[in-house]
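>
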Amino acid sequence: MTRYDKILGNLIGGAMGDSMGAPTEERSTAMILRDFGGYVTEFLDSPLDTWAHGAAAGMVTDDFSLAYFTAQAIAENGGHATTEAAQKALLKWCEYPEYFDYNVGPTTRAAIEAMKGKKVEKKPGAITPAADNGKATNGAAMKIGPMGLFSGGDIDRAIDDAITVCLPTHRSDISLSGACAVAAAVAKGLDPAAGIYEMVEAGMYGARRGMELGGKVGDQAAGPSVEKRIWLAASIGMKAGGDWEKGMCEVRDIIGNGLMTVEAVPAAFGLFVSAGGDVMKTVYGGANIGGDTDTIACIAGCIAGTYAGTAGVPERYLDLIEEKNKFDLRGLARQIEELL
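Using our numbering, the first residue of the sequence shown is number 43, and each one after it goes up by one.
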């Protein structure tokens with residue numbers, strides 16, 4: 043497998059996960075089965091009662107669109123992750139209402155408003171808590187999947203880059219831990235000899251280092267260990283024996299499927315292991331796990347795509363994603379490859 047194929051696999055894996063998970067977001071697995079007549083394994087128009095709000099089949103949401111614009115900005119900056127490049131991507135991205143208006147998460151929205159100089163007026167007598175634990179969301183991890191590619195396999199550089207890119211929006215050490223886990227796993231996945239469990243181990247290392255570094259440069263929050271929950275999710279995935287549906291249900295019931303980093307990131311790793319690294323099965327798991335389906339499937343798709351490349355991904359899926367979103371995933375993959 044070529045390095046280009048791994049890079050393109052990362053991009054299309056994340057895009058497919060986001061797009062396929064958009065129509066099912068916020069529903070439970072039982073509701074998905076009821077409303078769609080079975081598991082969702084194709085691109086569908088998003089119902090009006092989702093955050094994607096009627097988006098056409100193949101459209102991505104805030105998750106992969108922000109990952110794409112961020113990767114573009116870093117590529118245009120010669121592959122160097124800087125605060126300025128990350129902010130440039132955010133300000134460009136928020137000008138696209140199809141991605142920003144309906145989809146943007148609370149932490150990212152607040153950060154962009156601050157960049158634009160908008161002040162949040164505090165109510166008289168309002169209490170400022172010691173730790174804003176509600177900001178430990180998965181918005182950092184959702185956009186960081188392609189970031190590990192720029193490291194060329196250097197895991198520690200991928201971790202540092204992830205923190206640099208995420209700090210403008212997500213300062214929580216838990217959010218940074220999750221983002222670093224994803225970036226580290228992707229960086230490891232560029233190694234042709236890396237297996238599923240080596241990528242999981244890299245993800246755990248990234249989570250640990252992200253927590254350590256995040257606590258120094260960001261804000262500390264209260265919550266469980268992303269590192270240990272990745273291990274738990276991967277252990278659940280191992281028992282699934284390649285059965286993505288079985289693994290998905292167990293990961294959902296034990297790890298969770300919510301907006302917070304401590305659920306979404308470990309769940310993504312669990313789905314990746316449950317599917318035996320298969321890109322499509324990993325994406326199916328994310329799209330049907332319920333809750334924050336598009337984000338979990340996007341993260342998991344980036345990880346699986348780096349591992350397996352584009353193997354098993356229909357060419358028409360890539361064509362559809364590029365057409366509907368006016369993206370050039372193939373071109374971006376070539377651009378990233380040339381920088382390595």
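Every residue, glycine too, gets a C-beta built ideally from N, C-alpha and C.
Would you call residue 204 buried or exposed, if buried means 16 or more other Cβ atoms sit within 10 Å of its Cβ?
The residue is buried, with at least 16 neighbouring Cβ atoms inside 10 Å.
> In whole angstroms, give me the CA-to-CA distance for residue 381 and residue 120.
When rounded, the distance between both Cα atoms is 7 Å.
> Going along the chain, which unbroken runs of the alpha helix (DSSP H) with 4 or more residues stay wholly within the stretch 277-348?
Runs of the alpha helix (DSSP H) inside the stretch 277-348: 286-296, 303-316 and 321-330.
> Could you give the uninterrupted runs of the beta strand (DSSP E) lying entirely in the stretch 184-254, keeping only those of 3 residues or more?
Counting whole runs of 3 or more residues, the stretch 184-254 contains no beta strand (DSSP E) stretch at all.
> Excluding the 5 residues preceding and the 5 following residue 210 in the sequence, name in chain order all residues of the same chain whose CB lies nearer than 8 Å to its CB.
Cβ neighbours of residue 210 beyond the five flanking positions: 125, 128, 129, 132, 153 and 157.
> For residue 168, does the count of other Cβ atoms within 10 angstroms reach 16, so buried, or fall short, so exposed?
Per the 10 Å Cβ criterion, exposed.
> Check this for me: beta carbons of residue 363 and residue 57, under 8 Å apart or not?
Against a cut-off of 8 Å, the Cβ pair of residue 57 and residue 363 comes out as a contact.
> In three-state DSSP terms, what is residue 261?
Here residue 261 sits in strand by DSSP.
> Give the straight-line distance between the Cα atoms of residue 343 and residue 351, rounded to the nearest whole angstrom.
Approximately 10 Å between the Cα atoms of the pair.
> Tell me the DSSP secondary structure of residue 179 in three-state form.
In this structure, residue 179 counts as strand in the three-state DSSP scheme.
> Buried or exposed for residue 101, please, with buried defined as at least 16 other CB atoms from any protein chain shown within 10 angstroms of its CB.
When all chains shown are included, residue 101 counts as buried.
> Quick one: measure Cβ to Cβ for residue 117 and residue 296, integer angstroms, because I've assumed they're closer than 8 Å.
Actually they do not touch by this definition, with Cβ atoms about 38 Å apart.
> Straight-line CA distance for residue 291 to residue 208?
When rounded, the distance between both Cα atoms is 30 Å.
> Which residue's Cα is closest to the Cα of residue 145: 74, 159 and 92?
Comparing Cα positions, the closest option is 92.
> Which stretch, first to last residue, makes up the alpha helix (DSSP H) that contains residue 47?
First-last of the alpha helix (DSSP H) with residue 47: 45-63.
> Quick one: using the 10 Å Cβ neighbour count with 16 as the cut-off for buried, is residue 66 buried or exposed?
With 16 or more Cβ atoms within 10 Å of its Cβ, residue 66 is classed as buried.
> Does DSSP put residue 147 in a helix, in a strand, or in coil?
Reduced to three states, the DSSP call for residue 147 is coil.
> CA-CA distance, residue 195 and residue 201?
Going by the C-alpha atoms only, they are around 11 Å apart.
> Are the Cβ atoms of residue 282 and residue 269 separated by less than 8 Å?
No, the pair does not count as a contact, with Cβ atoms beyond the cut-off.
> By the DSSP assignment, the alpha helix (DSSP H) with residue 73 in it spans what residues?
Per DSSP, residue 73 belongs to the alpha helix (DSSP H) from 71-78.
> By alpha-carbon positions, which one of 355, 376, 372 and 294 ends up nearest to residue 59?
Among 355, 376, 372 and 294, the Cα nearest to that of residue 59 belongs to 355.
> Considering just the uninterrupted stretch of the alpha helix (DSSP H) at residue 112, what are its terminal residues?
Residues 104-118.
> Between residue 183 and the rest of its own chain, which residues show a CB-CB distance below 7 Å, the 5 nearest in sequence each way excluded?
Once the five neighbours on either side are set aside, the close Cβ partners of residue 183 are 220, 221, 224, 303, 306, 307 and 341.
> Assuming residue 345 and residue 369 are in contact, meaning their beta carbons sit under 8 Å apart, how far apart are those beta carbons, in whole angstroms?
So it is not a contact: roughly 20 Å between Cβ atoms.
> Buried or exposed: residue 170, going by 16 or more other Cβ atoms within 10 Å of its Cβ?
Flag for residue 170 reads exposed.
> Taking Cβ to Cβ, would you say residue 244 is nearer than 8 Å to residue 189?
No, the Cβ-Cβ distance between residue 244 and residue 189 is not below 8 Å.
> Residue 53 to residue 371, Cα distance in whole Å?
About 7 Å.
> CB residue 276 to CB residue 242, shorter than 8 Å?
Cβ atoms of residue 276 and residue 242: closer than 8 Å.
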